[in-house]
Structures are given as C-alpha cells and as structure tokens.
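Asker: So that we are looking at the same thing, I have put the structure below in structure tokens.
Residue numbers (my numbering): 945 to 1160.
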C-alpha cells in the first residue's frame, strides 16, 4: 500500500475543496431560484385574487378607461426621466387646483394656428377657448359623486355637461365615446365611482380673453 508523502496530497486537497465549493454554490443558486419562483408565484396569486374579487363591471370599466387614454388629460402627472406619467394618488381628478397656469399669445390661437397643452396635459387652449380636464372621481362637491348613471351616459351621448347643461368642450372626444354601447359606458361609470374621491374644484371652460385676464 502506497502512503501519501508527509506533506499530504495537494492535488487531492484541491479536488476536495473544489467539490465542497461546487456543492455549496449549487445549493445557494438552488435556494435563490426557489425563493424567486416562490415570490413570482405569490405575486401571481395576489394578482389573480385581486382580479377575481373585483366586480367584473368595474374591471371592464378600468380596462376601457386605461385603453381609451382617459388618464392622458384627466390625471395630474408626476414628471419622470421619460416624461409625465399619471399620479396614482390623484388619478382622474382633473386639472389640479392651484397649479400655475401658463400664459400664451392670443394671436397664436385661431383656425390654422396652434392648439396648446399644459405640461401635464390637463389644460388645453385652442380657438374655442381654454378647457381644464374635469375631475372624474366620485367627490360629491367637485367630481361626479352626485351624477347618476343616466346623467353620465347622457353627457357622453349628447356632448352636454350632466346630459343637459353646457357643451362639453374640446379636446374631450365625447363624440367617439357616444358610439360605445350602454354596457361599456355603464362599466366606465362603475369604475369611476369605485375610485377614491379627490376634492379638486376644476375651473369651468373659459374664453381666451377671460383666461388671459386671469393669468395676468
């Protein structure tokens, strides 16, 4: 029988250490993969439960509002490196009251000239005057909290505030929404009513002269 030299077997020690390291590393990677999979499954289960618990009409309305781009004008924005994104804390609450309104030159407005938007897209200026995006949350004093389903559908069918008031001004594309089915408009209404109410008294539409006087 051959004995190892007094100094030991360097190659054997190296192989044993490598094997131990490989086993430890494999176990660590396996643990990370298992934890990652568990986290993904937890998120998926949470999302599935949320979707399951949400009223189908509300879920349909949320889809239509998101796909239809309602947040583009009706939600205040948070500025990011990629531009403005809807502020989740003030979703669909309209042009924020107290926000500094930009000035413009009246001579730049008119047929064949400019239509302007504010930085967060909640104010639009054109030949018709100045429009601030409305508060669509269910706040009773400043939003649609007192609107009935019939009023809401009437507004989008006729282009009149609450279905019987002043004209709904550009750039609100009510004439496109007027083509939607009653079921889809009822779903949008249900989703808007499910939002947290945000108190935000948006200014009514105004003429170019009134706006210019207000921003002097």
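We put the beta carbon where it would ideally sit given N, CA and C, even for glycine.
Got a sec, what are the start and stop residues for the alpha helix (DSSP H) residue 1081 sits in?
Answerer: Position 137 of the chain shown, counted from the first residue, corresponds to residue 1081. Element bounds for residue 1081: n/a, residue is neither H nor E.
Asker: For residue 1066, count neighbouring Cβ atoms within 10 angstroms of its own Cβ and tell me buried if that reaches 16, exposed if not.
Answerer: Residue mapping note: residue 1066 aligns to position 122 of the chain shown, counting from 1. Per the 10 Å Cβ criterion, buried.
Asker: Excluding the 5 residues preceding and the 5 following residue 955 in the sequence, name in chain order all residues of the same chain whose CB lies nearer than 7 Å to its CB.
Answerer: Working through the chain shown from its first residue, we reach residue 955 at position 11. Low local confidence applies: a pLDDT of 49 at residue 955 is under 50, so the model's placement there is unreliable, and no value is given.
Asker: Given a cut-off of 7 Å on the beta-carbon distance, is the pair residue 1028 and residue 1052 in contact?
Answerer: For this step, residue 1028 is matched to residue 84 along the chain shown. For this step, residue 1052 is matched to residue 108 along the chain shown. Going by C-beta atoms, residue 1028 is not nearer than 7 Å to residue 1052.
Asker: Please list, in chain order, all residues of the same chain as residue 1125 whose beta carbon is under 7 Å from its beta carbon, the five residues on each side excluded.
Answerer: Position 181 of the chain shown, counted from the start, is the residue given in the question as residue 1125. Cβ within range, chain order: n/a, list empty.
Asker: Can you tell me the Cα-Cα spacing of residue 1038 and residue 1082, whole angstroms?
Answerer: Counted from its first residue, the chain shown places residue 1038 at position 94. Counted from its first residue, the chain shown places residue 1082 at position 138. Spanning the two alpha carbons is a distance of roughly 12 Å.
Asker: According to DSSP, which residues form a beta bridge with residue 1111?
Answerer: Working through the chain shown from its first residue, we reach residue 1111 at position 167. In the DSSP output, where bridge partners are listed per residue, residue 1111 has 1104.
Asker: Report yes or no: is there a C-beta of chain D within less than 7 Å of the C-beta of residue 1054?
Answerer: The structure shown contains no chain D; it holds only a single protein chain.
Asker: By a C-beta neighbour count over all protein chains shown, 10 Å radius and 16 as the cutoff for buried, is residue 1111 buried or exposed?
Answerer: Numbered from its first residue, the chain shown carries residue 1111 at position 167. Residue 1111 is exposed by the Cβ-count criterion.
Asker: Could you give the first and the last residue of the continuous beta strand (DSSP E) run that contains residue 1023?
Answerer: On the chain shown, position 79 is the one that residue 1023 refers to. Counting along the chain, the beta strand (DSSP E) containing residue 1023 begins and ends at 1021 to 1024.
Asker: Are residue 1019 and residue 1036 close, meaning C-beta to C-beta below 7 Å?
Answerer: As a working note, residue 1019 is residue 75 in the chain shown. As a working note, residue 1036 is residue 92 in the chain shown. In this structure, residue 1036 lies closer than 7 Å to residue 1019 by Cβ.
Asker: By Cβ distance below 8 Å, which residues in the same chain neighbour residue 1094 in space, the five residues on each side in sequence not counted?
Answerer: Numbered from 1 along the chain shown, position 150 holds the residue referred to as residue 1094. Closer than 8 Å at Cβ, skipping near neighbours: 1107.
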